[in-house]
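In our numbering, the protein residues as written are 208 to 251.
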């Protein structure tokens, strides 16, 4: 993962991060992470 010059993660890196977190996080947060992933996919 690399930060862009604007201080943000690229859409691909953010998507990968959300997917990794989703694999290890509890079910309570999984739905929120899934929502974030969809938002990232829609923005890409």
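All C-beta atoms, glycine included, are put in the ideal place defined by N, C-alpha and C.
Predicted, not measured: the structure shown is a model, and the values here were computed from it.
Beta carbon of residue i nearer than 8 Å to that of residue j
i, j, result
"residue 229", "residue 221", "no"
"residue 225", "residue 243", "yes"
Inter-residue Cα distance where the pair is residue i and residue j
i, j, result
"residue 219", "residue 231", "19 Å"
"residue 246", "residue 237", "14 Å"
"residue 223", "residue 213", "19 Å"
"residue 216", "residue 210", "5 Å"
Residue range of the alpha helix (DSSP H) that includes residue i
i, result
"residue 224", "218-231"
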